[in-house]
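Chain order of the listed sequences is G and X.
Converting from the first sequence to the numbering used here requires adding 2 to each position, the first position being numbered 1.
Converting from the second sequence to the numbering used here requires adding 79 to each position, the first position being numbered 1.
Ideal Cβ placement from N, Cα and C applies to all residues, glycine included.
Everything on this sheet refers to the single structure shown next.
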Amino acid sequence: MQAEEKLTYETWPASPEKSTLEAKNKFLGFWLFLGGETVLFASLFATYLSLKDKVPDSTHHLAKDIFSVPLTLVATMLLLTSSLTSVYAMYHMKNFAFKKMMIWLGITVLLGFGFLGLEIYEFNHYVHEYGHTFTSSAFASAFYTLVGFHGAHVCFGLGWILALMIRNYKRGLNLYNAPKFYVASLYWHFIDVVWVFIFTVVYLMGMVG
Amino acid sequence: MTNQPLSSSNPRVDLEYRRKKNVEEMRHQVISFTLMIFLTFIAFAVVALKGFTASFIVPFILLLAAVQVVFQLFYFMHMSHKGHEAPSMFLFTGLFLGLVIVLAFMTIIWW
């Protein structure tokens, strides 16, 4: 099959994300990238874990003083739900339903923006309420680097999905852009994978003390 | 590149079968999502309830996180599908290196 081919519902392949050579290469290359991202985030986690609660004096707040259950729970629900909505988008992509795919991608992006908004509020709150700034302690630096890096990934993912949606708005689905949508959704899931560890290791374990 | 021949001489039959398979897969996705939400609530609950000791909570929520990530990788990211041998190798190599880094930072290096 060729990327330029005009396809219909009947001729759409079962795995459009892997039906051209370019798509196969994208798929393989992207998973290699995700393997590298795993190492990157693991080293940030390692840094955070070894610098957790390492503050210069007792005027600084510790993890258990600043984190709150409701905020983290809402953020987690937003991101987890956005992972499901992008699964729905890929389900419609496989059924050659372009409009439905775009709608679900749109919902994914909205949920992602909700998450990002909460994170910005959260960081702002820490800085102004607790004086927990990037340079205030080793603990704060490690915290903002890890969680901020994840936030930057969310930001990049939103830009990526939005760019794909705008660029292909009038094109409809073909074998050229289907792998692009698929890879972007893999990236979005990976962001959620990292968040599962962040809410567990940083927030929940932080609240335990 | 020409590959992926139609698996049946009548494409409509093949199509119907594929559609059904997609619907069934989507159902599994929704089930795994429900389980993930459930595990998340349990993890938050054991921390919020304050009735448990840290030595129980920490390994327990780490286990819940690991289970959730397996759901994400194998269902949401389709790693349970065929043709994911190289992705598995990349990801597990990354995971192995990552765990060694975490272990090294937390045990061998001290501050």
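Short CB-CB distance (under 7 Å) between residue i and chain G
i: Thr113(X); result: no
i: Phe139(X); result: no
i: Met80(X); result: Because the pLDDT of Met80(X) is 46, which lies under 50, any placement of that residue in the model is unreliable, and the question is left without a value.
i: Gly173(X); result: yes
i: Ser87(X); result: For Ser87(X), the predicted structure reports a pLDDT of 46, less than 50, and the residue's modelled location is therefore unreliable. A value from the coordinates is still provided. Cβ-Cβ to chain G under 7 Å: no for Ser87(X).
i: Phe169(X); result: yes
i: Gly177(X); result: yes
Neighbour flag for residue i against chain X, beta carbons, 7 Å
i: His191(G); result: yes
i: Lys28(G); result: no
i: Met207(G); result: yes
i: Leu34(G); result: yes
i: Thr147(G); result: no
i: Gly31(G); result: no
i: Ala16(G); result: yes
i: Glu7(G); result: no
i: Val204(G); result: no
i: Leu75(G); result: yes
i: Thr78(G); result: yes
i: Val89(G); result: yes
i: Gly150(G); result: no
i: Val71(G); result: yes
Inter-residue CB distance, residue i and residue j (contact presumed, cutoff 8 Å)
i: Ala144(X); j: Phe199(G); result: 6 Å
i: Ala48(G); j: Met185(X); result: 7 Å
i: Trp190(G); j: Thr110(G); result: 7 Å
i: Gly173(X); j: Gly38(G); result: 7 Å
i: Ala144(G); j: Phe136(G); result: That belief does not hold up - the Cβ atoms of Ala144(G) and Phe136(G) are roughly 10 Å apart, past 8 Å.
i: Leu188(G); j: Met158(X); result: Contact doesn't hold; Cβ gap of about 10 Å is too wide.
i: Met115(X); j: Phe150(X); result: 5 Å
i: Thr66(G); j: Met209(G); result: Checking the sequence, you will find Lys at residue 66(G) rather than Thr. Contact flag correct, Cβ pair sits at about 6 Å.
Span of the alpha helix (DSSP H) around residue i
i: Pro138(X); result: Ala133 to Phe150
i: Tyr50(G); result: Leu23 to Leu53
i: His94(G); result: Val71 to Lys96
i: Tyr128(G); result: Phe100 to Tyr132
i: Leu164(G); result: Ala140 to Arg169
i: Asp194(G); result: Ala180 to Phe199
i: Asp67(G); result: Ala65 to Ile68
i: Thr172(X); result: Glu164 to Leu182
i: Val204(G); result: Note, Val204(G): premise wrong, no alpha helix (DSSP H); not H, not E.
Closer than 7 Å at the beta carbon, the chain G residues around residue i
i: Phe184(X); result: Ala48, Thr49, Leu51 and Ser52
i: Ile136(X); result: Val210
i: Ile188(X); result: Ser52
Contact set between residue i and chain X, taken where Cβ atoms lie within less than 9 Å
i: Ser85(G); result: Phe112, Met115, Gln151 and Phe155
Where residue i meets chain A, residues with beta-carbon distance less than 9 Å
i: Ser139(G); result: The question asks about chain A, but that chain is absent: this structure's protein chains are G and X.
Proximal chain G residues relative to residue i, where beta-carbon distance stays under 8 Å
i: Ile180(X); result: Val41, Ala44, Ser45 and Ala48
7 Å Cβ cut-off: residues of chain X touching residue i
i: Phe199(G); result: Ala144
i: Asp194(G); result: Gln151
i: Tyr227(G); result: In the structure as shown, chain G begins at 3 and stops at 211. Residue 227(G) is therefore absent and cannot be evaluated.
i: Lys102(G); result: Near Lys102(G) there are no residues of chain X at all, since even the closest Cβ is about 12 Å away, more than 7 Å.
i: Gly38(G); result: Gly173
Interface residues of chain X facing residue i [CB-CB closer than 8 Å]
i: Asn97(G); result: Arg98 and Asn101
i: Gly116(G); result: Under the 8 Å cutoff, chain X gives no residues; its nearest Cβ is about 16 Å from Gly116(G).
i: Leu188(G); result: Met156
i: Leu120(G); result: Correct list: empty, because the minimum Cβ distance to chain X is about 15 Å.
i: Leu82(G); result: Phe112, Met115, Ile116 and Thr119
i: Lys20(G); result: Gly162
Cβ-based contacts, 8 Å cut-off: residues of the segment 159-186 of chain G near chain X | Hits within the stretch: zero.
Below 7 Å between beta carbons is the criterion; list the residues of the segment 117-131 of chain X that meet it against any residue of chain G, in chain order.
-> Thr119, Ala122, Phe123, Val126 and Ala127: these are the residues of the segment 117-131 of chain X whose beta carbon lies less than 7 Å from some beta carbon of chain G, given in chain order.
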